[in-house]
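Heads up: the sequence shown runs through residues 412 to 594, numbered per the numbering used here.
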Amino acid sequence: MGQEEPDLYRDTWVRYLGYANEVGESFRPLVPVPVVWASYGVATAYVTADAIDKGRKAATVSATPPHSPSHSLLTLPLTPVSPQAHAQDPTRVGVAVVDTFVWQSLASVAIPGFTINRLCAASLALLGSLTRWPLPVRRWTTTALGLAAIPLIITPIDRTVDFLMDSSLRKLYGTPGEPPASH
């Protein structure tokens, strides 16, 4: 009865689409560049869909009156209502969409993509100067290192983006809100 419906973008296999660009960057030494860019397209589509979903969810709730004046827009208790009844408060929807989109863009696409790209570029260069391995072996080793690094970078990047958002953009909303869960 009190069980919540699972979040499609956070609690199901769909969340793995957010890793597409990291996988693409890991395979950069082996695949044509358009394949890598396509992986960014998949990850960006995931980020956009999650932001739209959070906006829709925010549009279907309304705030119940807070018990103290210290409650902010992001900490109010929420109760479901029709979207028409909530149309007069687009701020909640805007905050949900912007917060999710910015957080996911940084934590799921930009920072991890850059990190894996640089890790793979450095490892390929180092393997080229430190070993006599054939180029295909160096490329596959670089790809394996990139793929192995993905689970190691997720939590530190997520926490860093939480800190950055809480220290900047979320101050504009009032109190720092509940950040999106890891992708």
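Backbone N, C-alpha and C fix where the C-beta goes; we use that ideal spot for every residue, glycine too.
My understanding is that residue i touches residue j, with C-beta atoms under 8 Å, so please give their C-beta distance in whole angstroms.
| i | j | result |
| --- | --- | --- |
| Val458 | Phe512 | 6 Å |
| Val453 | Leu428 | 6 Å |
| Ala431 | Ser450 | 4 Å |
For residue i, collect the residues of the same chain with a Cβ closer than 8 Å to its Cβ; drop the 5 residues on either side in sequence, then sort them by chain order.
| i | result |
| --- | --- |
| Cys531 | Glu436, Ser437, Arg439, Pro440, Thr553, Thr554, Leu556, Gly557 |
| Phe574 | none |
Compare the beta carbon distance of residue i and residue j with 8 Å and say whether it is the shorter of the two.
| i | j | result |
| --- | --- | --- |
| Leu535 | Arg550 | yes |
| Arg503 | Ala460 | no |
| Ile561 | Glu433 | yes |
| Pro522 | Ile568 | The question names Pro, yet the displayed sequence has Ile at residue 522. For Ile522 and Ile568, yes; Cβs fall inside 8 Å. |
Can you tell which of the options has the C-alpha that lies nearest to the C-alpha of residue i?
| i | options | result |
| --- | --- | --- |
| Val472 | Val425, Gly524, Lys582, Ala507 | Ala507 |
| Ser519 | Ser578, Asp577, Arg529, Thr566 | Thr566 |
| Leu583 | Gly505, Pro445, Ala456 | Gly505 |
| Ile564 | Val425, Gly524, Met576 | Gly524 |
| Ser579 | Leu546, Trp514, Trp424, Arg421 | Trp514 |
| Leu517 | Gly539, Arg570, Arg529, Leu546 | Arg570 |
| Arg426 | Val442, Val446, Ala456 | Ala456 |
Beta-carbon within less than 7 Å of residue i's beta-carbon, same chain only, minus the 5 sequence neighbours each way: which residues are those?
| i | result |
| --- | --- |
| Lys465 | Ala507, Val508, Thr511 |
| Thr423 | Pro417 |
| Ser479 | Bear in mind that the predicted position of Ser479 carries a pLDDT of just 43, short of 50, making it unreliable; the figure below should be weighed with that in mind. Result list for Ser479: empty, nothing under 7 Å. |
Compute the minimum distance between the beta carbon of residue i and the heavy atoms of the ligand GTP, and state whether it is under 7 Å.
| i | result |
| --- | --- |
| Gly435 | Among the ligands in the structure shown, none appear at all, so the ligand GTP cannot be discussed. |
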